[in-house]
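Quick notes on the structure that follows.
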Amino acid sequence: MLVSLNWLKEYVDIDGVSPEELADKVTRSGIEVDNIEYVAEKSSNVVIGFVESCEKHPNADKLNLCQVDVGEEKLQIICGAPNVRQGQKVAVAKPGAVLPGNFKIKRAKLRGIESNGMICSLQELGFDEKHIAKEYAEGIFVFPNDAPVGESVEPLLNSSDAILEFDLTPNRADCLSMLGVAYEVGALLEKPVKLPSEEVTSTEEKAADYISVKVEDENLNPYYGAFVIKDVEITTSPLWMQNYLLAAGIRPINNVVDITNYVLLEYGQPLHAFDYDRLNSKEIVVRSAKQDEKLVTLDDVERTLNPENLVITNGEEPVALAGVMGGANSEVTIATKNILLEAAYFDSVSIRKTVKATGLRSEASTRYEKGIDPNRVKRAGIRACHLLEKYAGGKVLSGVVEYDVLDRSEKEVDIDTDTINNRLGTNISSDEIGNILNRLQFNFDRNEHHFKVFAPTRRGDITIFEDMLEEVARIFGYDNLPYTLPTGSATAGGLTKSQLLRRAVKSYLEGVGLLETRTYSLTSETYIQKLISNEIKDLNPEPISLAMPMSEEHKYLRLSVLPELLKSISYNLARNQYNLGYYEIGSIFITNEKELTKQPNEQLRLSGALTGKWFEHPWQMENKKVDFYVVKGIVEGLFEHLELPITFKQVQLPDMHPGRTASLWLGDKEIGFMGQLHPALEKEMDLKETYVFDINLEVVLQAHHHEPSYTQIPRYPSVTRDIAFVLDQEVHAGDVQVAIAKMGAPLVKQVNVFDLYTGENLPDGKKSVAYNLLYQDPEKTLVDEEVEKSYQEIIESVSKQFNAYVRS
Amino acid sequence: MQEQLKAIQQEALANIQEVNNLKELQAIKVSYLGKKGSLTQVLRGMGKLSPEERPIVGEVANQVRETITSAIDEKNTVLENAALEEKLQAEAIDVTLPGRPTKVGGPHLLTKVIEEIEDLFIGLGFEVREGPEVETDYFNFEALNLPKNHPARDMQDSFYITNELLLRTHTSPVQARTMKEYKGEKGFKMICPGRVYRRDTDDATHSHQFTQIEGLYVDKDVKMSDLKGVLNLFAKKMFGEDRDIRLRPSFFPFTEPSVEMDISCKVCHGNGCSVCKGTGWIEILGAGMVHPNVLEMGGYDPKVYSGFAFGMGPERIAMLKYGVNDIRQFYLNDSRFLKQFHQA
Ligand SMILES: [Zn+2]
């Protein structure tokens, strides 16, 4: 809502309060003022002048030589505007005047002839385009004939006006009217509100002889008032009205339309003027549209309607889309003589539906959607009649023809001083509360500390105690509330086990060098299918898509964090950032339903992607590329950190390197995978060699139950033995490792791989894997014989089981 | 013989004095004290001496041996130290060359901000809760006093999946879920961080996905001044002790009264500058007293219980606190961005 302060002054005294101060006050009490705009920049010494004569400049075709009466004197002025004429009243910047941009007007000679001042356009007076009516967009501005010569142009041009832009929250529809704003400002400044004149000189003739009103659904249209005004003269509206409309962002059209718009802004009540003679009937019937009924609206668009749309008809066909826009068939034109003026109350939900369906949003529909004041509907009609009589020469027929079942009662809300102070933490006296209610101009009955408040119908947002609590608090001032801390029951607070563990996982991963990322949950049709872990695929998930996606890129809820994470990697590669180690914890969304009827399962995944060099050193040449084992080391370390036994199995997955991918297992539960991306996918996504991991974090967090307890540090020395087996290439070193540990138990505490060798001195298809075994007995010092016995048993067993032999 | 001994001593000491490496010193030791050494040779002749002379010469001989031995030991120490010194000199390195790199990772800036806020409220007795990102229309809207057709639903255009399910537009549904869980039986304090989604076109100030932290405190006798006190504490801890807050009335369907909280501008301290667009204040979060309808739907009797709720955007807080000027940076994962917030 754009609020012209000059206009506002008609209803409430704001003298002595600067626009900035007022904006701050309004903002602090609940309505944000987004902007303060001045209609024009300051200028001085610009007055209204009368062009007594206007002749061609003898030495220049495009210039005019004008003699201009500016009251105290007559000035000879040379003017280049094409629209300057004798007999006009114009804005004259006298010598010594200062125009915007610090442009000083001096006496000068133009082509040999003296010019003592300047006839100004509105642009030259610093008006923004949007405050200039169409006809003066080019050339000088021309005042009405009754403009007082010699006086400052400021009052007539409204050039000193400041416009505050109110950013209204949905509850404050009352401030969609100048009167509503006046009540709000009046409450803040403790000033009364002056109501505009609704005086009408009615004629003998009765409106009822010209029109009847019928409403089919009282819920959708509880009030319809029809006023008939005869013999109007369509012309331009008074300059002040045009100025106020421009200030509010509405273009002036003609006096009749301008008056309906003016009252709409003044009262917040939409009005509509029909050309009575073009209605072609003596009745108004308000009903639901028929299926596929047609109406050409004022914007010359043919609308196809349905029964959800409320229409105003002449008994036969629609003449307006109720509350939204009039029909072209009954539009007021230059030829209009008689008017039927509509002031009605339409149900907000019905209007909202029509607006949604047609995409038509107007000043009128916005107010209906947000709710209007039932007590202002008819009064707005009368106010418009007053103005039509005054500025359009209309004769207002007596009596309003109306359909009326409108509830105009005020909501009663009981408040009391104790509860208010208890809820606010304040110590406001009952008298002060009474004073606040008076400032708001709310009626109330007071019984000591109890108040029965009659919330005015303009404030439809006030229905319960808490609404009044807010009113009292905001006028009292939020600044005046004390600072206290909760004193209620003590609560422990803290993180859940899962949250604590997640923090531990994160700090581990960051400790080993990974950066945390955050990517989008919504992905594209291409990526929704990619890099889904086996155990998720086994659930036969159906992709979940948005009903109305904003783009193809963000259409589906992800089934893997990896594709969006890889997009981030690719983004970095394109910016010459090649060495990356990323991880993310985020949800994937799993359902079996083709048509979602219940919430999907949201599963937390821990995913990572690494590429480029893992270690790089500028001068020691120790550059180490990320490879499978770097990533596996990180994953193993994580599970060691969590004290959970993780196992890796060779696996083949789509989009993954067929020989460099492992599935991850926690016992007999598959929980994810890791490995190198398939080069084809790397190419498709503009990636270089990239390794990923993807783990069902939820299962991991649930499996974790480690409560550390002290284990005796071994008192007896340990013994280590090395052993190298020659194995077939296909044999997995890990399987042998497991077999050694199993065979060596309980004396063998650890088995580690410390070397892998292929090539010279080994037969083709063979490899040598060297293991380091740690023997320890917690009870006593080991004797050589024991170790040797176990060692031989291991050699024998492994040799047999894996077709291996010891490399000497 | 005594003279012979003295001569040996003199000669030995002179030789020891001159020697300048350990090897030669060892040779000198052998040449005097070894089995075939000159001192040993002389002492072998002791047997020829008379019993009277023997002890006297013996004592002189011992003195000579001790003198030579200690001179050798002394020289040995000197030479060893010199050798060590030389070795260490040779081992000198350029300490200004870079060290072997340790991998340093780190949290995302949003995580850093969220965890800071979590820890702050945990300190005030708040538990940290989470909720689903795909929400029902009921929990996302209706239970928060936003019935179907409520005009305020226009305020947040949402990503619907079906008529009844959508990507949550705020973390507020967790309010309703928590109240349901506590069954209206006792007071509680909770915050809820999480991802939320809105139908916005991504640009410097909008993101279709972002994060939010919701807070809710329900108990008997919760006052609006408590809200003001808690928010003030939060603002000072988060942004600095020298920052002030102000509350402005606002509107949210799920709170009444509703407030918007501003903090004083870091640059101008409330006097107005370009950072705060001349107002002196910067909008931080929305809050309010829980609407009685919300309490009631959550199973709490609004005659007995009251509460406050607040909601804030970690992106906005991070942008204000760290000067990030484009919200998209939080989701692009540019490593040059991520690495800026490693530091403890
Ligand atoms: Zn500032």
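Those protein sequences? They're chains A and B, same order as listed.
Numbered by our numbering, the letters in the first sequence go through residues 1 to 808 in order.
Numbered by our numbering, the letters in the second sequence go through residues 1001 to 1344 in order.
Virtual Cβ for every residue (Gly too), placed ideally from N, Cα, C.
- In this structure, Gly1323 (chain B) has its CB at a distance of at least 7 Å from all heavy atoms of ligand 1.
- Using a Cβ distance threshold of 8 Å, Leu65 (chain A) and Gly117 (chain A) do not count as a contacting pair.
- Taking all protein chains in view, the Cβ of Ala1318 (chain B) is crowded by 16 or more other Cβ atoms within 10 Å, so the residue is classified as buried.
- At a cut-off of 8 Å between beta carbons, Gly513 (chain A) contacts chain B.
- With contacts defined by Cβ atoms closer than 8 Å, Glu684 (chain A) and Thr690 (chain A) do not form a contacting pair.
- For Gly581 (chain A), the uninterrupted beta strand (DSSP E) segment begins and ends at Leu580 to Ile590.
- The alpha-carbon separation between Thr1040 (chain B) and Val1019 (chain B) amounts to approximately 21 Å.
- Taking Leu1013 (chain B) as the centre and dropping the five residues before and after it, the same chain places the C-beta of Thr1067, Ile1068 and Ala1071 closer than 8 Å to its C-beta, in chain order.
- For Ile351 (chain A), the uninterrupted alpha helix (DSSP H) segment begins and ends at Ser348 to Thr358.
- Against chain A, the CB of Pro1101 (chain B) has a partner CB under 8 Å away; the residue lies at that interface.
- Here Ala328 (chain A) has Val296, Thr297, Leu298 and Asp300 as same chain residues with Cβ atoms under 7 Å from its own Cβ, once five neighbours each way along the sequence are excluded.
- The set of residues with any CB-heavy atom separation to ligand 1 below 5 Å comprises, in chain order, B:Cys1265, B:Val1267, B:Cys1268, B:Cys1273, B:Val1275 and B:Cys1276.
- Listed in chain order, the positions of the region 1238–1251 of chain B with a beta carbon within less than 7 Å of a beta carbon of chain A are Arg1246, Leu1247, Arg1248, Pro1249, Ser1250 and Phe1251.
- Comparing C-alpha distances from Tyr1182 (chain B) to each of B:Arg1195, B:Gln1212, B:Arg1129 and B:Glu1086 shows the shortest one belongs to B:Arg1129.
- Within chain B, the C-beta atoms nearer than 7 Å to that of Leu485 (chain A) come from Asp1226, Gly1229 and Val1230, in chain order.
- With a minimum length of 4 residues, the unbroken runs of alpha helix (DSSP H) contained wholly in the region 1113–1191 of chain B fall at 1137–1140 and 1173–1182.
- Counting the other Cβ atoms within 10 Å of the Cβ of Glu636 (chain A) gives fewer than 16, which makes it exposed.
- For Val1113 (chain B), same chain residues with a beta-carbon under 8 Å away, outside a window of 5 residues either side, are Pro1314, Ile1317, Ala1318 and Lys1321 in chain order.
- Shortest Cα-Cα distance from Asp1094 (chain B) to any of A:Val286, A:Trp619 and A:Leu2 involves A:Trp619.
- Judged by pairs of C-beta atoms under 8 Å, the region 203–220 of chain A does not touch the region 115–131 of chain A, as fewer than three such pairs exist.
- For Lys766 (chain A) against Asp728 (chain A), the beta-carbon gap comes to about 6 Å, under 8 Å, which counts as contact.
- The closest CA to that of Ser1158 (chain B), considering only B:Asn1149, B:Ser1172, B:Arg1199 and B:Gly1307, is found on B:Arg1199.
- For Asp479 (chain A), at least one C-beta of chain B is nearer than 8 Å to its own C-beta.
- For the region 140–173 of chain A, the residues whose beta carbon sits under 8 Å from a beta carbon of chain B are, in order, Thr169, Pro170, Asn171 and Arg172.
- Listed along chain A, no residue sits closer than 8 Å to Tyr1138 (chain B) by beta-carbon distance, the nearest being about 11 Å off.
- Neighbours of Asn572 (chain A) in chain B, taken as residues at a C-beta separation under 8 Å, are given in chain order as Asn1333, Asp1334 and Ser1335.
- Assigned with DSSP and collapsed to three states, Tyr520 (chain A) falls in coil, not helix or strand.
- Not a single CB atom of chain A sits nearer than 8 Å to the CB of Thr1069 (chain B).
- Taken in chain order, the complete beta strand (DSSP E) segments of 3 residues or longer contained in the region 1182–1236 of chain B are 1188–1197 and 1209–1220.
- DSSP, read as helix, strand or coil, puts Arg446 (chain A) in strand.
- Under DSSP, Gly1288 (chain B) takes part in a beta bridge, and its partners are B:Ser1258 and B:Ala1309.
- For Trp665 (chain A), the enclosing beta strand (DSSP E) begins and ends at Met656 to Leu666.
- Close CB contacts of Gly1270 (chain B) within its chain, under the 8 Å cut and outside five residues either way in sequence, are with Asp1244, Ser1264, Gly1280 and Trp1281 (chain order).
- Sequence-distant Cβ neighbours of Thr1169 (chain B) in its own chain, meaning closer than 7 Å and more than five residues away, are Asn1140, Gln1156, Ser1158, Val1196, Tyr1197 and Arg1198.
- By the 16-neighbour rule on beta-carbons within 10 angstroms, Ala1083 (chain B) is exposed.
- Taking the C-beta atoms as reference points, Val1218 (chain B) is found no nearer than 8 Å to Leu1167 (chain B).
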